[in-house]
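Participant: So the numbering used here is basically just the index in the sequence shown, starting at one, shifted up by 6. Virtual Cβ for every residue (Gly too), placed ideally from N, Cα, C. The structure presented is a predicted model; accordingly, all values stated were derived computationally and were not measured. This is the structure, below, for whatever I ask next.
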Amino acid sequence: MDFEKPFQPAEYRRRIQDVKRRMEEAGFDLLICQDPANMCWLTGYDAWSFYTPQVVLLHLKSDTPIWIGRLVDVNGARATTDLPADNIINFSDDRLHHVELHPYDEVSEIIKSRGWGSDRIGVELDAHFYTARAHQHLVNGLPNAKFSDSRGLVNWARLVKSDAELVYMREAGRIVSHTMRQAINNLKPGVPEYEIVAQIYADQTRGVDGKYGDYTSLCPLIQVDEKTNAPHLTWSDKPLPKSGLVLLEIGAARRHYHAPLTRTVYMGKPPKEAQHLANAIIEGGDAVLEMAKPGVIVDELNTVWLSVLNRHGYVKKGRSGYSIGMNFPPDWGERTVSIRAGEKTVLQAGMCFHFQSGVRPPAFGAAISESFVVTEKGGERLADVARELIVVD
């Protein structure tokens, strides 16, 4: 089956060795990954099959991981990974969506057949697709094992991007730049919100320069007027107004590496209060990008951002950004580092973040966000869309 793998085998070997080192430090013999991004990052497995049980097992004494999933997805595992045939295993399909049986019963049997039934096992308790029932069946099937939460062990291993990964991050940045510019050009009074989003989907997928885009982990988000202070609302059939705020948060993905971007647009002549807020956001964001160098503690970024906002009379509650990279629905964040007070992670070159600079006074909201890479010169913007309150006459 013809499938262009995104990385060379050496890249996956490097990742596996790094994760095994982290497993030793954490006291795990066996790691069970249910997060589709972690599964893909370790093995290359890439299919829309994460809605059903599937796992990747990584043992300290094994050279290669084991993939376990549905029979219908075995060929997908063979095509997208370099795993040996014996390490691609399917569970019985009659266990899928059964009221009593469960695929993790067979996962437990596979683990015991390898002699790992009494091991120290790390599971991803916070993974979106690891259900309470799956965990119950796994624990019941391995009564002699010692289970612990892996606490995002693989997620943290993904935090610093390799040079090969940064190629895809930058390509995603070019795609999201083109997509956002096209979306802004399509903003005209009377155009329904869904028409704007339909074109966003097309541009995200078509990509740029022959580099197609993958499906993104979040859908495009659009809010108009008073809805701009409710940032996770999606589109409707309402026409765009002749005058008012429009907030667009979109992303682009290249081989599942994401670059999110938010811009705020004013239809008509913007009031002074909207321009004042936008100027504060831009100034604070510029300060963060200038400061985002190796050795800086993350909460220092949050401090400088809040100091600019406070000086302009604004208050921001909650986090101001998060780490990004490879991901699958329903979230393009890595669920590790957040830009917020008390975050003591030290920046390293190659870390990637979405600085989500949303500020929402009671009547409206605005955001002019950036995805960036930490470099010795500061935060390298992945997108090149103008950092301003964009006005559509």
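Using beta-carbon positions only, say whether Met45 and Leu165 come within less than 8 Å of one another.
Facilitator: No, the Cβ-Cβ distance between Met45 and Leu165 is not below 8 Å.
Participant: Checking 8 Å against the spacing of the C-beta atoms, do Leu1 and Ser114 come in under that value?
Facilitator: With the chain represented from 7 up to 399, any question about residue 1 goes unanswered, as that position is not in the structure.
Participant: Using the beta-carbon count (16 or more within 10 Å), is Phe135 buried or exposed?
Facilitator: The residue in question, Phe135, is buried, as its Cβ has 16 or more Cβ neighbours within 10 Å.
Participant: Tell me the rounded alpha-carbon separation between Pro71 and Arg19.
Facilitator: If I take the Cα positions, the gap works out to 10 Å.
Participant: Taking DSSP as the reference, what is the three-state secondary structure of Lys248?
Facilitator: Coil.
Participant: Measuring CB atoms only, is the stretch 377 to 384 touching the stretch 347 to 366, in the sense that at least three cross pairs come out at less than 8 Å?
Facilitator: With a cut-off of 8 Å, the stretch 347 to 366 and the stretch 377 to 384 count as touching, because enough Cβ pairs lie within range.
Participant: Can you give me the C-alpha to C-alpha distance between Leu388 and Leu102, rounded to a whole angstrom?
Facilitator: So the alpha carbons of these two residues sit roughly 41 Å apart.
Participant: Give a yes or no on whether the C-beta atoms belonging to Pro245 and Pro198 are separated by under 8 Å.
Facilitator: In this structure, Pro198 lies closer than 8 Å to Pro245 by Cβ.
Participant: Rank Ile117, His108, Arg157 by C-alpha distance to the C-alpha of Ala138 and give the top, closest one.
Facilitator: The shortest C-alpha separation from Ala138 is found at His108.
Participant: Does the stretch 302 to 319 touch the stretch 337 to 353, meaning 3 or more C-beta pairs lie closer than 8 Å?
Facilitator: Short answer: they touch.
Participant: Under three-state DSSP, which class holds Ser156?
Facilitator: Coil at Ser156, not helix or strand.
Participant: So the candidates are Arg120, Gly257, Val230; which of them puts its Cα closest to the Cα of Thr185?
Facilitator: Thr185 has its Cα closest to that of Gly257, out of Arg120, Gly257, Val230.
Participant: Kindly indicate which three-state DSSP category Ala163 falls into: helix, strand or coil?
Facilitator: In this structure, Ala163 counts as helix in the three-state DSSP scheme.
Participant: For Tyr328, which option in Asp41, Asn161, Glu394 has the closest C-alpha, if you only look at C-alpha atoms?
Facilitator: Checking every option, the nearest Cα to that of Tyr328 belongs to Asn161.
Participant: Does DSSP put Lys217 in a helix, a strand or coil?
Facilitator: Strand.
Participant: Determine the direct distance from the alpha carbon of Val343 to that of Gly319, and round the result to whole angstroms.
Facilitator: Roughly 27 Å separates the two Cα atoms.
Participant: What are the complete beta strand (DSSP E) segments, minimum 3 residues, inside the stretch 312 to 374?
Facilitator: Runs found: 327 to 330, 339 to 345, 358 to 361.
Participant: If you count every other CB in all the chains shown that lies within 10 Å of the CB of Gly324, and 16 or more means buried, which is it?
Facilitator: So Gly324 ends up on the exposed side.
Participant: For Glu296, which residues from the same chain have a beta carbon less than 6 Å from its beta carbon, with the 5 sequence-adjacent residues on both sides left out?
Facilitator: The residues are Gly384.
Participant: Between which two residues does the beta strand (DSSP E) harbouring Met273 extend?
Facilitator: It spans 263 to 273 - the beta strand (DSSP E) in which Met273 sits, taken as one unbroken run.
Participant: Going by C-alpha distance, which of Ala83, His65, Pro195 is nearest Gln23?
Facilitator: Closest by alpha carbon: His65.
Participant: Can you name the residues that DSSP bridges to Cys39?
Facilitator: Val62, per the DSSP bridge assignment.
Participant: Just to confirm the assignment, what range does the beta strand (DSSP E) spanning Thr381 have?
Facilitator: Note, Thr381: beta strand (DSSP E), 376 to 381.
Participant: Would you kindly work out how many angstroms separate the C-alpha atoms of Arg36 and Gly213, rounded to a whole number?
Facilitator: A quick correction: the sequence has Leu, not Arg, at residue 36. Each residue's alpha carbon lies about 39 Å from the other.
Participant: When DSSP labels each residue in this structure, what does Ala258 get in the three-state scheme?
Facilitator: Ala258: strand per DSSP, three-state reduction.
Participant: Looking at the structure shown, is Gln205 part of a helix, part of a strand, or coil, going by DSSP?
Facilitator: Gln205 falls in the helix class under three-state DSSP.
Participant: Rounded to whole angstroms, what's the CA-CA distance from Asp88 to Ile74? Just pull it up for me.
Facilitator: One C-alpha to the other measures close to 14 Å.
Participant: From the DSSP output, in three-state form, read off Gly291 for me.
Facilitator: In the structure shown, Gly291 sits in a helix (DSSP, three-state: H, G or I).
Participant: Nearest to Pro226 by CA position, among Tyr200, Glu255, Asn235, is which residue?
Facilitator: That would be Glu255, whose Cα lies nearest to the Cα of Pro226.
Participant: Enumerate, from N- to C-terminal direction, the unbroken alpha helix (DSSP H) stretches of 4 or more residues contained entirely within the stretch 13 to 39.
Facilitator: Runs of the alpha helix (DSSP H) inside the stretch 13 to 39: 15 to 32.
Participant: May I ask which residues mark the beginning and end of the alpha helix (DSSP H) holding Glu171?
Facilitator: Per DSSP, Glu171 belongs to the alpha helix (DSSP H) from 169 to 191.
Participant: Thinking C-beta only, is Phe334 closer than 8 Å to Ser223?
Facilitator: Going by C-beta atoms, Ser223 is nearer than 8 Å to Phe334.
Participant: Between which two residues does the beta strand (DSSP E) carrying Arg84 extend?
Facilitator: Here Arg84 belongs to no beta strand (DSSP E); instead the alpha helix (DSSP H) covers 80 to 86.
Participant: Tell me whether the beta-carbon of Ala43 lies closer than 8 Å to the beta-carbon of Gly82.
Facilitator: Their beta carbons are not under 8 Å apart, which means Ala43 does not touch Gly82 by this criterion.
Participant: With a threshold of 7 Å on Cβ separation, who are the neighbours of Ser124 within its own chain once the five nearest residues in sequence on each side are excluded?
Facilitator: Excluding residues within five positions, the ones whose Cβ falls inside 7 Å are Asn150, Ala151.
Participant: Considering only C-alpha positions, which residue in the set Gly50, Asp79, Val302, Asp292 is nearest to His262?
Facilitator: Taking only the C-alpha atoms, the option nearest His262 is Gly50.
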